[in-house]
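Peer 1: Handing you this structure, nothing more for now.
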Amino acid sequence: MQYESYLVLIIFVWVGFVSAISFMEAWLKFRAPGVTLPIGLSIGRLIFSGLNKVEWFFGLASMLLLFLTNRFGDSSAYFLFIPILILLLQTVWLLPAMNKRVNLIMAGNELPKSTLHFYYIGAELVKVVLLLILGVKLL
768 MQYESYLVLI
778 IFVWVGFVSA
788 ISFMEAWLKF
798 RAPGVTLPIG
808 LSIGRLIFSG
818 LNKVEWFFGL
828 ASMLLLFLTN
838 RFGDSSAYFL
848 FIPILILLLQ
858 TVWLLPAMNK
868 RVNLIMAGNE
878 LPKSTLHFYY
888 IGAELVKVVL
898 LLILGVKLL
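So for the sequence shown, our numbering puts the first residue at 768; every next one is plus one.
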């Protein structure tokens, strides 16, 4: 039972991190006085790189705790595996692609609009909803 309490705690802290950074910090920083597009993008790149590392800690710890609670084989696993798959896609595809665009913009290049941010936001929404379902299910 103790492992399940830790698992619930990690799941809800993970949701809090993603919600605070992806749904608040990401767009609010551009409203601060004096924050230009290159500065905001540079801050965002740093913040999201850090968030990604923290999320991997939460994801791996959650998988370990799910295994220790003997719930690895039930439906709870799906609510964790999909967010971890999303995190993997963000790590190997979305964040590198977005970082490449940031570097080009910071170098003074004008780029056409991209849908990468919409994919990222959609992925974050799916991840948060599934983690919330998992957290509530474990309560």
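C-beta atoms are modelled at their ideal positions from N, C-alpha and C, and glycine is treated no differently.
Whole angstroms are fine: how far does the CA of L854 sit from the CA of E822?
Peer 2: The alpha-carbon atoms of E822 and L854 are separated by roughly 8 Å.
Peer 1: Apply the 10 Å Cβ neighbour rule to S785 and answer buried if 16 or more other Cβ atoms are within range, or exposed otherwise.
Peer 2: In the sequence on display, residue 785 carries Val and not Ser. Buried, by the Cβ-count rule.
Peer 1: List the whole-angstrom C-beta distance separating Y887 from T836, where the pair is believed to meet the contact cut-off of C-beta under 8 Å.
Peer 2: In fact, because the Cβ distance is near 31 Å, the residues do not count as touching under 8 Å.
Peer 1: Among L861, F824 and R798, which has the Cα closest to the Cα of E891?
Peer 2: Nearest of L861, F824 and R798 to E891, Cα basis: L861.
Peer 1: I need the DSSP call for K867, collapsed to helix, strand or coil.
Peer 2: Note: K867 maps to helix in three-state DSSP.
Peer 1: Which same chain residues, not among the five before or five after V802, have their C-beta less than 8 Å away from its C-beta?
Peer 2: Cβ neighbours of V802 beyond the five flanking positions: K796 and I810.
Peer 1: Under a three-way DSSP split, which group does E877 fall into?
Peer 2: Here E877 sits in coil by DSSP.
Peer 1: At a cut-off of 6 Å, would you count L854 as near the ligand PLP, judging by its Cβ distance to the nearest heavy atom?
Peer 2: With respect to the ligand PLP, the structure shown offers nothing to examine, as it has no ligands at all.
Peer 1: Excluding the five sequence neighbours on either side, which residues of its own chain have a C-beta within less than 7 Å of the C-beta of L906, listed in chain order?
Peer 2: Closer than 7 Å at the Cβ level, and outside the excluded window around L906, lie V775.
Peer 1: Is it true that the CB of L833 sits closer than 7 Å to the CB of F839?
Peer 2: Yes; because the gap between Cβ atoms is below 7 Å, this pair is in contact.
Peer 1: Ignoring anything shorter than 4 residues or poking outside the region 775 to 851, list the alpha helix (DSSP H) runs there in chain order.
Peer 2: As far as the region 775 to 851 is concerned, its whole alpha helix (DSSP H) runs of at least 4 residues are 804 to 835.
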